[in-house]
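In the working numbering, the protein residues as written are 399 to 732.
C-beta atoms are modelled at their ideal positions from N, C-alpha and C, and glycine is treated no differently.
Just so it is clear, the structure is predicted and the values come from calculations on it, not from any experiment.
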């Protein structure tokens with residue numbers, strides 16, 4: 399049996415409903431998993447109207463009740479919003495619905511009702527407007543699952559990047575980087591590469607913080623005092639961690655296939671080169687959680703919502719990765 403993959407619709411007034419409809423119109427999705435959408439029937443019908451894609455919506459209450467065939471959209475309905483929606487205009491009601499989709503998806507994954515969770519694009523403002531003071535999906539997922547050590551990874555066919563720090567001001571980065579955070583990032587990344595990506599002996603490259611990786615202390619001493627000791631400790635634990643490498647050359651070699659993943663010190667250091675290669679098909683996945691979670695690598699794109707123009711390739715890639723991770727996890731589970 400193919401794994402059941404739950405897909406949250408995302409922000410009801412963003413592009414999430416449109417890309418959900420487009421992705422599930424691709425017959426290849428049903429060849430790799432049993433997709434179950436968590437969302438709103440009327441909003442999805444509005445999305446079909448603007449995209450020109452037509453699927454038979456089948457509302458169900460339990461994951462196992464779905465009729466998982468091409469041309470169908472199995473839906474767990476959690477809201478009954480007014481349609482057509484006010485595209486691009488979030489409010490308290492749409493924000494609450496957006497969060498409820500995520501919470502239900504997490505709970506289903508934790509209970510083993512679904513094998514993986516794929517999350518559609520959300521808006522942080524809408525989340526906070528509805529009374530949920532989180533910076534995004536990741537923090538909500540970590541709290542709901544009781545996870546302490548979690549890592550944000552952006553993954554594609556050519557490059558995978560894990561981040562030591564995520565959403566913080568650049569001026570704070572150097573103070574937030576510690577040996578323990580780097581070791582944790584390496585441990586969690588290594589485990590995921592083995593168990594979820596199916597790479598038996600992964601090689602992980604670590605980017606330096608400073609230009610030229612510090613140039614022997616001329617441009618900063620974080621490489622010598624923090625990064626090097628962290629890498630030595632990781633190697634003693636059996637992790638093939640290499641570096642720290644000058645960031646300006648590292649990603650060229652990663653793109654050539656020399657490394658299975660790169661650990662970057664801060665958000666833009668890792669995401670700028672990643673998106674140069676994987677802008678259309680990049681996947682955001684949270685490592686370290688007790689559940690499999692992948693997501694699109696973009697936001698709600700309110701300016702495109704309701705126009706039928708949104709690109710669904712990132713969601714398609716996220717669904718495929720979730721299905722692969724579910725199957726790999728089953729193979730490596732004791």
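beta-carbon residue i near the ligand MN non-hydrogen atom, thresh 6 Å
| i | result |
| --- | --- |
| residue 636 | The ligand MN is not part of the structure shown, which contains no ligands of any sort. |
C-alpha gap between residue i and residue j, whole angstroms
| i | j | result |
| --- | --- | --- |
| residue 699 | residue 492 | 15 Å |
| residue 420 | residue 640 | 41 Å |
| residue 570 | residue 577 | 16 Å |
| residue 503 | residue 468 | 22 Å |
| residue 441 | residue 645 | 44 Å |
| residue 676 | residue 559 | 11 Å |
| residue 592 | residue 482 | 45 Å |
| residue 473 | residue 457 | 5 Å |
| residue 601 | residue 459 | 43 Å |
| residue 449 | residue 429 | 23 Å |
| residue 509 | residue 543 | 11 Å |
| residue 566 | residue 728 | 35 Å |
| residue 621 | residue 408 | 40 Å |
| residue 599 | residue 636 | 10 Å |
| residue 813 | residue 725 | Since the first and last residues shown for the chain are 399 and 732, residue 813 lies out of range. |
| residue 480 | residue 585 | 46 Å |
| residue 696 | residue 618 | 33 Å |
| residue 693 | residue 528 | 21 Å |
| residue 494 | residue 488 | 10 Å |
| residue 628 | residue 546 | 19 Å |
| residue 606 | residue 659 | 14 Å |
| residue 447 | residue 526 | 30 Å |
| residue 647 | residue 655 | 13 Å |
| residue 416 | residue 610 | 44 Å |
| residue 712 | residue 680 | 6 Å |
| residue 425 | residue 714 | 11 Å |
| residue 643 | residue 687 | 28 Å |
| residue 486 | residue 530 | 20 Å |
| residue 667 | residue 431 | 34 Å |
| residue 443 | residue 455 | 8 Å |
| residue 423 | residue 496 | 22 Å |
| residue 524 | residue 403 | 25 Å |
| residue 638 | residue 534 | 31 Å |
| residue 427 | residue 555 | 18 Å |
| residue 573 | residue 614 | 20 Å |
| residue 522 | residue 538 | 11 Å |
Exposure label - residue i; buried when at least 16 CB within 10 Å
| i | result |
| --- | --- |
| residue 588 | buried |
| residue 551 | buried |
| residue 608 | buried |
| residue 717 | buried |
| residue 451 | buried |
| residue 682 | buried |
| residue 410 | buried |
| residue 650 | exposed |
| residue 594 | buried |
| residue 669 | buried |
| residue 399 | exposed |
| residue 484 | exposed |
| residue 517 | buried |
| residue 616 | exposed |
| residue 671 | buried |
| residue 401 | buried |
| residue 453 | buried |
| residue 707 | exposed |
Which listed residue (the options) has its alpha carbon closest to that of residue i
| i | options | result |
| --- | --- | --- |
| residue 690 | 501, 408 and 512 | 512 |
| residue 553 | 662, 442 and 466 | 662 |
| residue 387 | 498, 507, 508 and 514 | The shown model of the chain, from 399 to 732, leaves out residue 387, and the question about it has no answer. |
| residue 722 | 466, 504 and 514 | 514 |
| residue 405 | 668, 701 and 418 | 418 |
| residue 413 | 729, 711 and 703 | 703 |
| residue 478 | 585, 460 and 436 | 436 |
| residue 631 | 713, 528 and 582 | 582 |
| residue 471 | 461, 445, 486 and 433 | 433 |
| residue 561 | 603, 555, 524 and 599 | 603 |
| residue 625 | 635, 612 and 616 | 612 |
| residue 623 | 532, 546, 692 and 575 | 575 |
| residue 653 | 666, 496 and 674 | 674 |
| residue 501 | 536, 462, 485 and 486 | 536 |
| residue 580 | 424, 425 and 633 | 633 |
| residue 596 | 572, 422, 719 and 431 | 719 |
| residue 557 | 706, 705 and 657 | 657 |
Cβ-Cβ separation, residue j to residue i (assumed contact under 8 Å), whole Å
| i | j | result |
| --- | --- | --- |
| residue 678 | residue 709 | 6 Å |
| residue 475 | residue 445 | Going by Cβ atoms, the distance from residue 475 to residue 445 rounds to 14 Å, so no, they are not a contact pair. |
| residue 568 | residue 465 | Between residue 465 and residue 568 the Cβ distance is about 50 Å, and since that is not below 8 Å, they are no contact. |
| residue 548 | residue 684 | 6 Å |
| residue 461 | residue 506 | 6 Å |
Next on the checklist: In chain order, what are the residue ranges of uninterrupted alpha helix (DSSP H) at least 4 long that sit wholly in the segment 471-516?
Outcome noted: Runs of alpha helix (DSSP H) with 4 or more residues, each lying fully within the segment 471-516, are found at 490-508, listed in chain order.
Checklist entry - In the segment 522-575, which residue ranges form an unbroken beta strand (DSSP E) of at least 3 residues, counting only runs that do not cross its ends? => result Qualifying beta strand (DSSP E) stretches, in chain order: 549-553 and 558-561.
Checklist entry - In chain order, which continuous runs of the alpha helix (DSSP H) of length 4 or greater are located wholly inside the segment 635-681? => result If only complete runs of 4 or more residues are kept, the segment 635-681 shows the alpha helix (DSSP H) at 645-653 and 665-676, in order along the chain.
Next on the checklist: What ranges does the alpha helix (DSSP H) occupy inside the segment 678-707, keeping only unbroken runs of at least 4 residues that lie completely in it?
Outcome noted: If only uninterrupted alpha helix (DSSP H) runs of at least 4 residues are considered, none is enclosed by the segment 678-707.
Item to check | Ranges of the beta strand (DSSP E) found wholly within the segment 425-451, counting only runs of at least 3 | outcome: If only complete runs of 3 or more residues are kept, the segment 425-451 shows the beta strand (DSSP E) at 432-437, in order along the chain.
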